[in-house]
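> Numbering-wise (the working numbering), the sequence shown opens with residue -12 and increments by one.
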Amino acid sequence: LASRDCSHGSDESGCRPPFVVLCVGRMVYKKGFDTFLRALAEPSLRDHNVIGVMVGEGDQKAEWQQLAAQLGVAEQLRWVGNIPKTEIGVYYNACDVLINPAVRRPVDGLNVCVLDAMSCGKPVVGSTVAGNPLAIRDGETGFLVPEGDPAALAAALARLADDPALVQALGVAARRRIEAELGWPPLARNYIEHFAAIAAQA
-12 LASRDCSHGS
-2 DESGCRPPFV
8 VLCVGRMVYK
18 KGFDTFLRAL
28 AEPSLRDHNV
38 IGVMVGEGDQ
48 KAEWQQLAAQ
58 LGVAEQLRWV
68 GNIPKTEIGV
78 YYNACDVLIN
88 PAVRRPVDGL
98 NVCVLDAMSC
108 GKPVVGSTVA
118 GNPLAIRDGE
128 TGFLVPEGDP
138 AALAAALARL
148 ADDPALVQAL
158 GVAARRRIEA
168 ELGWPPLARN
178 YIEHFAAIAA
188 QA
């Protein structure tokens, strides 16, 4: 992953360089990573040379590896297991996009991986559940897609894979949103202002 060609132009053979999609989290149903596996098999994404990097372990890992084989997308996936927090930044920096296709079984909160990816200047494609809509501004810092919809996820990823300038623009906007609204300094300011207002009313 660290040695991948990060350019997005065609190489000398005319083949697309890899478009790297990062998944970070426990391999359990509520994370919805099976939606990504099905998206890889969608016709709209088959010719985009997408590589999925799967970071994490969990009860559904073996099941999803079997599903990937059944769908014919196993060779497009890299199952890297758990990565130490001190090393995970390498994966955020090397990917093109992070996805968080969470589902309501049960509903998840706002995943730290979404904020981490945005901090690294990466766009995020997430489902319209959990905390994703709180962080992702659709069309500005990434895309929101319906939960459990492989075709919609494939379409969003294909759009990004076809447009490196859009990937960069969304990533820049994501980083700015973290710095201005979602990072620790602005959150701390918001808390201070909130409690100051409460104290003033006491």
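Cβ atoms here follow ideal geometry from the backbone N, Cα and C, with glycine treated the same way.
Scan the region 25 to 94 and note each continuous beta strand (DSSP E) run of 3 residues or more that stays entirely inside, going in chain order.
The qualifying runs are 37 to 42, 64 to 68 and 84 to 87.
> Can you give me the start and stop residues for the alpha helix (DSSP H) that Cys10 sits inside?
Taking the sequence shown and counting its residues from 1, one reaches residue 10 at position 23. Note, Cys10: premise wrong, no alpha helix (DSSP H); beta strand (DSSP E) at Phe6 to Val11.
> Roughly how many whole angstroms lie between the Cα atoms of Gly129 and Ala183?
Here residue 129 refers to the residue found at position 142 of the sequence shown. Here residue 183 refers to the residue found at position 196 of the sequence shown. Straight-line Cα distance between these residues: approximately 34 Å.
> Could you check how far apart the C-beta atoms of Asn119 and Cys100 are, in whole angstroms? I think they sit under 8 Å.
Start at 1 with the first residue of the sequence shown, and residue 119 comes out as number 132. Start at 1 with the first residue of the sequence shown, and residue 100 comes out as number 113. No, Asn119 and Cys100 are not in contact; Cβ-Cβ is about 11 Å, not under 8 Å.
> I'd like to know if the region 75 to 86 and the region 55 to 64 are in contact, where contact means that at least 3 CB-CB pairs between them fall below 8 Å.
Counting Cβ pairs under 8 Å, fewer than three are found: no touch.
> Take the Cβ of Glu134 as the centre, count every other Cβ of all protein chains shown within 10 Å, and call the residue buried at 16 or more, exposed below.
Taking the first residue of the sequence shown as 1, we reach residue 134 at position 147. Buried, because 16 or more other Cβ atoms sit within 10 Å of the Cβ of Glu134.
> Suppose contacts are defined by Cβ-Cβ distances below 7 Å. Is Leu196 in contact with Val154 by that definition?
Nothing can be reported for residue 196, as the shown portion of the chain is limited to -12 through 189.
> Rounded to a whole number of angstroms, what is the C-alpha to C-alpha distance between Gly(-4) and Pro151?
Here residue -4 refers to the residue found at position 9 of the sequence shown. Here residue 151 refers to the residue found at position 164 of the sequence shown. Caution is warranted here: a pLDDT of 40 is assigned to Gly(-4), below 50, making its placement in the model unreliable, and no coordinate value can be reported.
> Would a check of beta-carbon distances place Ala184 closer than 7 Å to chain C?
The chain inventory of the structure shown lacks chain C, comprising one protein chain alone.
> Go ahead and label Thr22 buried or exposed: buried means 16 or more other beta carbons lie within 10 angstroms of its beta carbon, across all protein chains shown.
Here residue 22 refers to the residue found at position 35 when the sequence shown is read from its first residue. Thr22 comes out buried.
> For Gly19, name the three-state secondary structure that DSSP assigns.
Counted from its first residue, the sequence shown places residue 19 at position 32. Of the three classes helix, strand and coil, the one that applies to Gly19 here is coil, per DSSP.
> By the DSSP assignment, the beta strand (DSSP E) with Leu140 in it spans what residues?
Taking the first residue of the sequence shown as position 1, residue 140 is located at position 153. Segment Pro137 to Ala148 is the alpha helix (DSSP H) holding Leu140; no beta strand (DSSP E) there.
> Compute the Euclidean distance between the alpha carbons of Gln188 and Ile179, then round it to the nearest angstrom.
The residue given as residue 188 occupies position 201 in the sequence shown. The residue given as residue 179 occupies position 192 in the sequence shown. Cα to Cα, the separation comes out at about 14 Å.
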